[in-house]
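These notes are about the structure you will find just below.
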Amino acid sequence: MDKLAPQLYKKMLLIRKLELRLAEIYHTDAVKSPVHLSVGQESIAVGICDPLNKDDLVSNTYRCHATYIAKGGDLREMMAELYGKSQGCAGGKAGSMHLVDMKNGVVGASAVVGTTIPIAAGLALAMKFDAKKTGKQRIVVSVFGDGGTEEGCFYETINFAALRKLPMIFVCENNRLAIHTPIERRWATEKLCERIQTYGIETHKIDDADVFKIRETISSAAEKIRNTGEGPIFIECATYRWLEHVGPFDDHKDNYRDLEEYARWKKNDQIDRLAGMLDENTRNQIQQEVTDMIKDAEIFAENSPYPAAEELYTHVYAH
Amino acid sequence: MDKLAPQLYKKMLLIRKLELRLAEIYHTDAVKSPVHLSVGQESIAVGICDPLNKDDLVSNTYRCHATYIAKGGDLREMMAELYGKSQGCAGGKAGSMHLVDMKNGVVGASAVVGTTIPIAAGLALAMKFDAKKTGKQRIVVSVFGDGGTEEGCFYETINFAALRKLPMIFVCENNRLAIHTPIERRWATEKLCERIQTYGIETHKIDDADVFKIRETISSAAEKIRNTGEGPIFIECATYRWLEHVGPFDDHKDNYRDLEEYARWKKNDQIDRLAGMLDENTRNQIQQEVTDMIKDAEIFAENSPYPAAEELYTHVYAH
Amino acid sequence: MSMHTNSVATSLQKDQQDLHLIRYFEALREAFDQEMTRDPNVFLFGLDVDDHKGIQGSTLGLVEKFGRDRVFGTPLSEDAMTGVAIGAAMAGYRPIHTHIRMDFMLLCMNQLVNMAAKAHYMYNGQVQVPLVVRTMIGRSWGQGGQHSQALHSLFMHIPGLKVVAPSNAHDAKGCMIAAIRDNNPVIFIEHRLLYSTEGFVPKNSYEVPLGKARILVPGSDVTIVAISHMVMEALRARKHLDSIGISAEIIDPISLWPLDMDTIVASVQKTKKLLIVDNAWLTCGASSEILSRTIEMFQEEDHVLPAIARMGFAPTTCPTTRPLENLFYPNGRTIAVKAYEMVKGKSAKAWEPPVDARAEIDEFKGPF
Amino acid sequence: MSMHTNSVATSLQKDQQDLHLIRYFEALREAFDQEMTRDPNVFLFGLDVDDHKGIQGSTLGLVEKFGRDRVFGTPLSEDAMTGVAIGAAMAGYRPIHTHIRMDFMLLCMNQLVNMAAKAHYMYNGQVQVPLVVRTMIGRSWGQGGQHSQALHSLFMHIPGLKVVAPSNAHDAKGCMIAAIRDNNPVIFIEHRLLYSTEGFVPKNSYEVPLGKARILVPGSDVTIVAISHMVMEALRARKHLDSIGISAEIIDPISLWPLDMDTIVASVQKTKKLLIVDNAWLTCGASSEILSRTIEMFQEEDHVLPAIARMGFAPTTCPTTRPLENLFYPNGRTIAVKAYEMVKGKSAKAWEPPVDARAEIDEFKGPF
Ligand SMILES: Cc1ncc(C[n+]2csc(CCOP(=O)(O)OP(=O)(O)O)c2C)c(N)n1
Ligand SMILES: Cc1ncc(C[n+]2csc(CCOP(=O)(O)OP(=O)(O)O)c2C)c(N)n1
Ligand SMILES: [Mg+2]
Ligand SMILES: [Mg+2]
């Protein structure tokens, strides 16, 4: 824990501070993209990505800032992408909902719920093939929301992944909301893990968003898959979205959610918790580093030029 | 059982004899349609449909002859449809894979696997609305194969039906084959009922195709739904397809299936079984009735004219 | 914004005295309200139709008025929910199913094309599918490739479906009422950037018939047929052209299928020039079809063939960044220049219209 | 059947000496075999590709030769399996995904349109999606509305996808090889009724380039552009026309996107008449696009506009019964009559060509 706490703290703080900075500057219109912030949910992204290797992959939804950062996605390129600049991770063509950084193992995110789940399985299939040649088993982590599990392709993918024993970990970030609709209006029951077990899949349910627990669960799951070459493993992580579905504000006045639940989650904030585990020096140092990184990314984004007109026509077809 | 055995026997025999007659005449090209025969599977259709009311609905796949007949679909119109004639149940526009007879509660079948499952849920939703006005709860039975449960829309529908407590019964005809692919290559596990239970749905698994058992299960399920206005209920029925996937022949020489399994199922044939329960007189009389009905339908079909050219353009849009 | 919708109202609603000035989404809501009041079989459902934002306001208040049986949200299951809508429609109800982005309809193509479009024909009239599928085209503020598609031509291609894309509050209300009453599946295409535009709308119930185009502004030199949000751009182009003495006739087909070619061809017979501006890609698009049918109808009558040109989305995925996005879409100025070239000939000297105010685009920053 | 494929082979393969006479499905199998041998990253999967029927023979023997890792069946999950293919392609593999009916592709439009078509662009070149989606158009023997659709225009509409529809064994093999090697998603459209047609096919590996049309038979009086199985009907029409002294030039675009308009326009400049015969519905179809681009290119060059006509499926769902199905499709005789009218003028006296032998249609009774 001596090294782990500061490491996880730093990653979570980087996500939190960066997103709050986005929220702060959003009114300036520098960020010209709908932002789906993960504020309050950081422990999942960090718990998942921390034990992964650089050449493992994380696959995501439109709410992708947190995993992008946690997996080691390039911060400058992320910020430039949000600004719509040519040095963005996708040259300004993707925006906030489709972040991508293949060199750091961040698979392109998608704005269509559920879409990336089977694609992650395809990447895992490729890794299974690869492992037969290289002897080295990489893994994919597929992250999606509770809403994502309502799309048919989720079950199609689960069945296929179990049938082919694909080297992947499914992670459901269950914040009990899809936009404003509570889970009770969308799920017939909440026995998701029980259901997934009927496919012969090992499941874990973590209901307190404890970053160490998430990290440890992923870490042993990853090790097991690497050793045997066989997955998948399924993890459901309870969490809570502090801010509005899309945009920089909180929406607690909107009266569609239980503010006591929010208060409970806020009290359980993993960033506060880990801050409390560090000495002041370390904490200050990390906070400074994080602030500097964000500043640096912002300056990079500001200075980056917008893409030239001819970029409209690049990469329509691959050559 | 006194009246039940002859009644069920007659329905099963009608399906069997009609389909075997189709197989017999198939080489004459009178039937110009790909036929997916249910020979060997008749007890499911009959067990399901026998306890239903005329204004209840059965919804089906392309392998739809059996349920069409069992639910009381017009036999002449069915035969004329297979012949491509204007007096067919769909005027010759639908053929074997899309049989329909709304007046007798047979919802139009579809050649695309899975497609009719959510549509059945829509019909059930309508019946739930209707019941609030009429006080009478009709029900829908949605029938599909083991392959059908692999399509994402199946799970989407199950979740929705459970969430809204729709007045419907799901019946999976599990013949362990999708075309030639055995279930082991398609299902990660065979815990289908366990999985469906996680939605809070009552399930029943019938593994011997016993027509009385199927009838009784459906009958109590239907009664329960009618009384409470709340479903759904899920039933998995094991069965076995005696003939090839599509076409009039058996394909046992093709070596993709376990012939011992076939022999076991043949020995368990519900038509033979019920024949054995009847006295010779009753049996003979039923056989004669069935033969006459088929002959009558054939003559009707033969004499029916082909649709006129202008029929190509009728019913493209409803007015 | 009221310029063009004004003209619609004045030119067409002379005898419907009781107008009010409302926005596109309010016009839709009024249609739902009136039809749900009139016909107890109409119900409205889909993701988020019942939340406190109410699909950008277009469904607000309906739960309270009609109850949760007739206005309800769903799980994220576009495919099955479309099947549910079809089943309910077959049973005699009139569902209105809502997608907040047209891109999501790609998840339910099987149900729409294989069942909704075909059921009435394939079952030889035994069932009807009186279904309205509302769907919104997104645009701007970095929505990008998967939230900005306009896929109407995919539906126009399929016999059995109807497709409408009203461009103003008046037609939104009237078309929605006609679509709800129609006994066929109707793909009802809204455009996010039209939601806040205002128009004079009759307070009473009325139908804008599916299959009838509207001449928004008459003109004599060139016919501009524009679709959905491109109607607004075409009207801007018309102003530019007017300023240099070119008179453009602006036609809004409103209904993309059935398609009122008679109105278009009559106009082109007068102007001899047709510029089609689709709010979509060109290839196999509505623009190809309008061009093709115009040529065919002119040939049929042995008329001299008119000059025809098309504009639409750039043949790329929609990029998020503003400078590229601006190039992706036609606009009032590029449309005006194209029409100018058609009227004046290729050798005419270059003309650059002044920059437009385009409030609905320039000021849009959500909500999404 | 060998008539037209013969002519392809003789006119185009003069220097590829080592030919053999094989059927369409065998040509496909040869392409798979050779490419899978050449490139270990190619794999083939989809429902039933590994059973003893092997997709009408086109995949037979491949499991035995390449093993179950590279040739495998799947559950009935078209949507997710398409995502799996895309993921594997992004990871550097070259999957060939198979659908036995084009109608089933409606289940995976989201993956194809929102991801496969867009990934390379949206992620600015960070990934490629070298994917082949094989899909078969069904026809005849009561397959009807949900097993006979030809939906190529839906894919042509979407930037980022390529679409090919070879009409003969030679092009099937060469196009498949080109499609497998292409770094983009390619929708590869086969037609069930072409499966048994024979053609001379080089034994070696070769590419038929995506984006190049083929003049199958040269002619001077009218250009007939025909797609997929309609190529066979157009060749029958050519014979009828020939018998009354009309010389038709038959063009097979092979590749529907990219579309080789240059070859088409050069032909029409010669013949001044273009008849487009699509194996699909007309509205927003390939025929609209070919017509539109022809007009645009002629206008661009200030050429006198040619006479253009289109034929295709009747604007209905495909009925199963033979008499109606016969009316649903264009055929050699109706094509010939249309071309005759275009050449002779509307007032020409009626002409009725003799009945054709059409073995691939008349004798087809499955297997399905
Ligand atoms: C297929 C699809 N349907 C609907 C939407 C609109 N939409 C965007 S986010 C969202 C909610 C998703 O909820 P969940 O998966 O739980 O993720 P969360 O936002 O809670 O992280 C919805 C319905 C979409 N993007 N894609
Ligand atoms: C969506 C779709 N995919 C594939 C097919 C091809 N197909 C026709 S029947 C069939 C097998 C279906 O198996 P199952 O659901 O178990 O029904 P059974 O034939 O055993 O009655 C398949 C794959 C289809 N018709 N529809
Ligand atoms: Mg959620
Ligand atoms: Mg089966």
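Residue numbers (my numbering), protein chains in the order written: chain A, 1 to 319; chain B, 320 to 638; chain C, 639 to 1006; chain D, 1007 to 1374.
Ideal Cβ positions, reconstructed from N, Cα and C, are used throughout, including at glycine.
- The contact set of V112/A on chain D, defined by CB atoms closer than 9 Å, consists of N1116, N1120, M1121 in chain order.
- Scanning R504/B, C512/B, E338/B, A557/B for the CA closest to the CA of D527/B turns up A557/B.
- If you draw a straight line from the Cα of T901/C to the Cα of L192/A, it comes to about 56 Å.
- Residues of chain B whose Cβ lies closer than 8 Å to the Cβ of L125/A do not exist; the shortest such Cβ separation is about 15 Å.
- Between ligand 4 and the CB of A557/B, the shortest heavy atom gap is not smaller than 6 Å.
- Inter-residue distance for H1103/D and A23/A is about 43 Å (C-alpha atoms, whole angstroms).
- Around S429/B, the same chain offers T435 as residues with beta carbons nearer than 6 Å, after the five sequence neighbours per side are excluded.
- For R1299/D, the three-state secondary structure derived from DSSP is helix.
- A Cβ closer than 6 Å to some heavy atom of ligand 4 marks a residue here, and those residues are G464/B, D465/B, G466/B, N494/B, L496/B, A497/B.
- Burial state of F249/A is exposed, judged by a 10 Å Cβ sphere holding fewer than 16 other Cβ atoms.
- When the Cα atoms are used, G725/C and A439/B turn out to be separated by approximately 6 Å.
- Under the three-state reduction of DSSP, T28/A is assigned to helix.
- Beta-bridge partners assigned by DSSP to A729/C: none are found.
- With the rule of 3 Cβ pairs closer than 8 Å, the segment 291-305 of chain A does not count as touching the segment 364-372 of chain B.
- Rounded to the nearest angstrom, the gap between the Cα atoms of A80/A and Q87/A is 6 Å.
- For L685/C, the shortest separation between its Cβ and any heavy atom of ligand 1 lies below 6 Å.
- Among the residues facing chain C, I438/B is included, as its CB has a counterpart in that chain under 7 Å away.
- Of the candidates H878/C, K1003/C, L894/C, L659/C, the residue whose Cα lies closest to the Cα of I827/C is L894/C.
- With the criterion set as a beta carbon lying under 7 Å from some beta carbon of chain D, the members of the segment 86-113 of chain A are A90, G91, K93, A94, H98, V100, M102, G108, S110, V112, in sequence order.
- Secondary structure at F704/C: helix, using DSSP grouped into helix, strand and coil.
- Chain A has a Cβ within less than 7 Å of the Cβ of L482/B.
- Annotation: Cβ neighbours of Y199/A in chain B (cutoff 7 Å, chain order): A507, T508.
- Look at the segment 1131-1162 of chain D: the residues with a C-beta under 8 Å from a C-beta of chain B are W1147, G1148, Q1149, G1150, G1151, Q1152, H1153.
- Rounded to whole angstroms, the separation of the alpha carbons of A997/C and E77/A is 31 Å.
- Not a single C-beta of chain A is nearer than 7 Å to the C-beta of M1303/D.
- For L1241/D, the enclosing alpha helix (DSSP H) has its first and last residue at 1236-1249.
- Judged by DSSP in its simplified three-state form, L1118/D adopts helix.
- Sequence-distant Cβ neighbours of E673/C in its own chain, meaning closer than 7 Å and more than five residues away, are V680, I815, I818.
- For the segment 1327-1355 of chain D, residues whose beta-carbon sits nearer than 8 Å to a beta-carbon of chain B comprise T1327, R1328, P1329, L1330, L1333, F1334.
- Rounded to the nearest whole angstrom, the CA to CA distance from L912/C to V981/C is 10 Å.
- Taking a cut-off of 8 Å for Cβ pairs, the segment 692-710 of chain C and the segment 754-762 of chain C do not touch, as fewer than three such pairs fall below it.
- Chain B has a Cβ within less than 7 Å of the Cβ of G152/A.
- In the structure shown, the three-state DSSP call for T1277/D is helix.
- With distances taken between CA atoms, E156/A lies nearest to E1084/D out of H1105/D, V1274/D, E1084/D.
- Per DSSP, the unbroken beta strand (DSSP E) holding M774/C starts and ends at 770-775.
- Residue pairing by DSSP puts A1315/D in a beta bridge opposite L1281/D.
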